[in-house]
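Visitor: Each residue of the sequence shown is one higher than the one before, starting from 111 at the first, in my numbering.
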Amino acid sequence: MTAEEHTVRSAQETFPYPKSTFFINSHALCQRYSFYGVCYIAALYLRDNLKYTEGTATQILHVVYFLLSALPIIGGTLADSNIGMYKAIIASTFIHLIGNTILPFASTPWLITLREFSLLGMFLTAIGAGLLRPILSTFGGEQFVLPQQAKQLATYFSIFYFSCQVGPVFAAITSPIIRRDVKCFGQKSCYPLAFGIPAIVMAIGFVLLVCGRRRYTVPQSEESILLNMLKCIFYALRRRISSNKPRKNVSHWLEYAGDKFDPELLTNAKDVLNVLVMYIPTPMFFALHDQVISSWVYQASKMDGVVPNWFTIQADQMNSFNPICCMLFIPLLELVIYPALAKVGIKRPLQYITIGALLCASSFVLAAYVEYKQEPCYAQLPSPGQGQLRIFNGLPCPVDINFPDKNNHVIPAHGDLQWTDLHVQNTRKLNTKLALNEDFACRNIIVAKNWMQELSIFEEKASVKTASILSI
């Protein structure tokens, strides 16, 4: 048999669909559920349990997402190195699992260092997810023989992407329900269980990944393409800067590296540099997009989330809309939207991107309008050098109050009186005289007609006091 006949026969040969992709897709689903099961409830956990301010909690969450977005470069480099894809996946998954395992214990009330261990768990989870992100889909693609299984490979990527969206959908729906509806350790919510279930799911994914190790096609390790390209770029820059006169036969400055690097690598490097221009607005987009898991959750927590005559949406459940829309729009775009846009002359990907960017911008206009409507309802906290005092009258009759530096006031029955601009340095204690208003009966409740009460006011804080039978 000649070499040409062997090539034709190999091209016509059929291969069964690789069963190893089942383990890879299952691992991807478990990993996405475990990561987003943590991230979707992390905003309220940082604010309500760890007592971070909303601004600080937002910064922490964006650091988590920065690690998720930046570390794929390192993960891909490790996979291309002597470590290899499979070992890089195992190591990344193990780091991810350690982070998931720390969080349930870190969120229990008896642990003294709640903040430190919680942040450690979140950052390890983000590091593992970031390292794993570029490798898993590529490793799945290596299980196919090309060109014989090109169609099966396309189907695999669709299934893989679908699995990656199913995990976040279930995480966004179930984690907030577990957090809110389950009570444990004497608390109103159960974050240990809400974090524990993603840890269990991640452990299942790790086991499934290891179970398929004998079925995997593991590619041989090669030198990192990224490192080679960076070496090529820096070498060309150094040669271009050090040369006294530009070469006449050079059409691009990268060609100064032609004496050391392969022409194919030079061509690929040129293509990458040309494409990078399109990614200039990408950081700005994701800086805004990632506010969905932080600022928008805090905004939603200030609303009741009630859909009339239907159900109630939890603040951290709003994160489910993105993966749900991704799943629904895959067939909708191909079958309905793209054909409709083509009829009006919109056919190019850049046009689709522009429309999507405009829709994203309009969503932030709507978010700004919601914030504008919410702002009058926000608590006005005292500024430095000032404190606030609110006195509630729990008696069924009016109370006269003689407050230093203020005129006499009458607090109606079950009413309140507040001052929001009291001068305070650190702590201020005031002896206040309160008296029952003799013009009104007190429903036969036997209490003293007047009494003294010491009130403590703190700088930059709001103090609340109650006038009741117990306080007399």
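Glycine included, each C-beta is placed from N, C-alpha and C at the ideal position.
Nothing here was measured: the structure is a model prediction, and the numbers come from that model.
1. Excluding the five sequence neighbours on either side, which residues of its own chain have a C-beta within less than 8 Å of the C-beta of Ile288, listed in chain order?
2. On the DSSP bridge assignment, give the partners of Ser573 in chain order.
3. Roughly how many whole angstroms lie between the Cα atoms of Leu188 and Thr163?
4. Do you know how far the Cα of Glu485 is from the Cα of Pro244?
5. Just the Cα atoms here: how many angstroms apart are Gly165 and Thr223?
6. Just the C-alpha distance for Val118 and Val255, rounded to the nearest angstrom, thanks.
7. Below 7 Å between beta carbons: does that hold for Leu178 and Gly251?
8. Which residues in the same chain have their Cβ closer than 6 Å to the Cβ of Ser566, if we skip the five residues on either side of it in sequence?
9. When you compare the region 132-140 with the region 362-377, are there three or more beta-carbon pairs, one atom per stretch, that lie closer than 8 Å?
10. Per DSSP, which one or two residues make a beta bridge with Lys483?
11. With burial defined as no fewer than 16 other Cβ atoms inside 10 Å of the residue's Cβ, what is the status of Arg357: buried or exposed?
12. Tell me the rounded alpha-carbon separation between Met232 and Ser247.
13. Run through DSSP, which three-state label would Phe125 get?
14. Just how far apart, CA to CA, sit Leu445 and Phe439?
15. Could you please give the first and the last residue of the uninterrupted beta strand (DSSP E) stretch that includes Leu527?
16. Would Ser285 pass as a contact of Gly147 if the rule is Cβ separation under 7 Å?
17. Does Thr203 pass the burial test, meaning 16 or more other C-beta atoms within 10 Å, or should it be called exposed?
18. Is there contact here, the region 500-508 with the region 520-533, by at least three beta-carbon pairs under 8 Å?
19. With DSSP as the reference, please indicate the residues paired to Phe421 in a beta bridge.
20. Would the beta-carbon of Glu569 fall within 7 Å of that of Asn518?
21. Which runs of the beta strand (DSSP E) fall wholly inside the region 366-393 and span at least 3 residues, in chain order?
22. Short of 6 Å in beta carbon distance, which residues of its chain neighbour Leu242, apart from the five on each side in sequence? Order them along the chain.
23. Considering only residues of the region 273-299, which uninterrupted beta strand (DSSP E) runs meet the minimum length of 3 residues and lie entirely inside it, listed in chain order?
24. Determine the closest residue to Gly186 out of Asn354, Trp529, Glu332 and Tyr271, with distance taken between C-alpha atoms.
25. Leaving out the 5 sequence neighbours to the left and right, which residues in its chain are closer than 8 Å to Val311 when beta-carbon positions are compared?
26. Put Glu444 into one of helix, strand or coil per three-state DSSP.
27. Out of curiosity, what's the CA-to-CA distance linking Ile434 and Ile314?
28. Which stretch, first to last residue, makes up the alpha helix (DSSP H) that contains Asn338?
29. Less than 7 Å between the beta carbons of Ser430 and Val279, yes or no?
30. Can you tell me where the alpha helix (DSSP H) with Leu156 in it begins and where it stops?
31. So Trp406 is in the alpha helix (DSSP H); what residue range does that whole segment cover?
32. Write down the C-beta distance between Leu532 and Leu499 rounded to the nearest angstrom, noting that I regard them as a contact closer than 8 Å.
33. Give a yes or no on whether the C-beta atoms belonging to Gln275 and Met437 are separated by under 7 Å.
34. Which residue or residues does DSSP assign as beta-bridge partners of Arg538?
35. Taking only three categories from DSSP, how would you classify Ser130?
Guide: Taking the coordinates as given:
1. Within the sequence shown, the letter at position 178 stands for residue 288. If we look at Ile288 and ignore the five residues flanking it on each side, its Cβ neighbours are Cys300, Leu303, Ala304 and Ile307.
2. By one-based count along the sequence shown, residue 573 stands at place 463. In the DSSP output, where bridge partners are listed per residue, Ser573 has Leu499.
3. Start at 1 with the first residue of the sequence shown, and residue 188 comes out as number 78. Start at 1 with the first residue of the sequence shown, and residue 163 comes out as number 53. Taking the straight line joining both Cα atoms gives about 37 Å.
4. If you number the sequence shown from 1, residue 244 lands on position 134. If you number the sequence shown from 1, residue 485 lands on position 375. If I take the Cα positions, the gap works out to 41 Å.
5. Mapped onto the sequence shown, residue 165 falls at position 55. Mapped onto the sequence shown, residue 223 falls at position 113. Using only the alpha carbons, I get a separation of about 21 Å.
6. Taking the sequence shown and counting its residues from 1, one reaches residue 118 at position 8. Taking the sequence shown and counting its residues from 1, one reaches residue 255 at position 145. Note on Val118: pLDDT 43, under 50, position unreliable in the model; no value is reported.
7. Taking the first residue of the sequence shown as position 1, residue 178 is located at position 68. Taking the first residue of the sequence shown as position 1, residue 251 is located at position 141. Not in contact: Leu178 and Gly251 (Cβ atoms no closer than 7 Å).
8. As a first step, residue 566 is located in the sequence shown; it is residue number 456 there, counting from the start. The residues are Lys539.
9. no
10. Locating residue 483 in the sequence shown gives position 373, counting from the first residue. In DSSP, Lys483 forms no bridge with anything.
11. Along the sequence shown, one-based indexing puts residue 357 at 247. Result: exposed.
12. Walking along the sequence shown from the start, residue 232 turns up at place 122. Walking along the sequence shown from the start, residue 247 turns up at place 137. Answer to the nearest angstrom: the Cα atoms are 23 Å apart.
13. Start at 1 with the first residue of the sequence shown, and residue 125 comes out as number 15. It is coil, neither helix nor strand.
14. As a working mapping, residue 445 is identified with position 335 in the sequence shown. As a working mapping, residue 439 is identified with position 329 in the sequence shown. Approximately 10 Å, taken between the alpha carbons.
15. Along the sequence shown, one-based indexing puts residue 527 at 417. Segment Asp526 to His533, the beta strand (DSSP E) holding Leu527.
16. For the purposes of this step, residue 285 is taken as the residue at position 175 of the sequence shown. For the purposes of this step, residue 147 is taken as the residue at position 37 of the sequence shown. In contact: Ser285 and Gly147 (Cβ atoms closer than 7 Å).
17. Along the sequence shown, one-based indexing puts residue 203 at 93. Buried, because 16 or more other Cβ atoms sit within 10 Å of the Cβ of Thr203.
18. yes
19. Here residue 421 refers to the residue found at position 311 of the sequence shown. According to DSSP, Phe421 bridges with Val417.
20. On the sequence shown, position 459 is the one that residue 569 refers to. On the sequence shown, position 408 is the one that residue 518 refers to. Contact: no.
21. none
22. Taking the sequence shown and counting its residues from 1, the one referred to as residue 242 is at position 132. Taken in chain order, the residues that qualify are Ser202.
23. none
24. As a working note, residue 186 is residue 76 in the sequence shown. Here the closest residue by C-alpha is Glu332.
25. Counted from its first residue, the sequence shown places residue 311 at position 201. For Val311, where only same-chain residues beyond five positions count, the Cβ hits under 8 Å are Cys140, Tyr143, Ser144 and Gly147.
26. Numbered from 1 along the sequence shown, position 334 holds the residue referred to as residue 444. Correct three-state label for Glu444: helix.
27. Start at 1 with the first residue of the sequence shown, and residue 434 comes out as number 324. Start at 1 with the first residue of the sequence shown, and residue 314 comes out as number 204. Rounded to the nearest angstrom, the two C-alpha atoms are 24 Å apart.
28. Sequence index remark: in the sequence shown, residue 338 carries index 228 (1-based). Run containing Asn338: Ile335 to Ser352, per the alpha helix (DSSP H) assignment.
29. Position 320 of the sequence shown, counted from the first residue, corresponds to residue 430. Position 169 of the sequence shown, counted from the first residue, corresponds to residue 279. Yes, Cβ-Cβ distance for Ser430 and Val279 is below 7 Å.
30. Residue 156 sits at position 46 when you count from the first residue of the sequence shown. It is not in any alpha helix (DSSP H) - Leu156 carries neither H nor E in the DSSP assignment.
31. Start at 1 with the first residue of the sequence shown, and residue 406 comes out as number 296. Looking at the DSSP string, the run of the alpha helix (DSSP H) that includes Trp406 is Ser405 to Ser411.
32. Start at 1 with the first residue of the sequence shown, and residue 532 comes out as number 422. Start at 1 with the first residue of the sequence shown, and residue 499 comes out as number 389. Right, the Cβ-Cβ distance comes to about 6 Å (below 8 Å), so this counts as a contact.
33. By 1-based counting over the sequence shown, the position of residue 275 is 165. By 1-based counting over the sequence shown, the position of residue 437 is 327. Cβ distance < 7 Å, so Gln275 and Met437 count as in contact.
34. Taking the sequence shown and counting its residues from 1, the one referred to as residue 538 is at position 428. Arg538 pairs with Ile567.
35. In the sequence shown, the residue the question calls residue 130 occupies position 20. Residue state, collapsed to three classes: helix.
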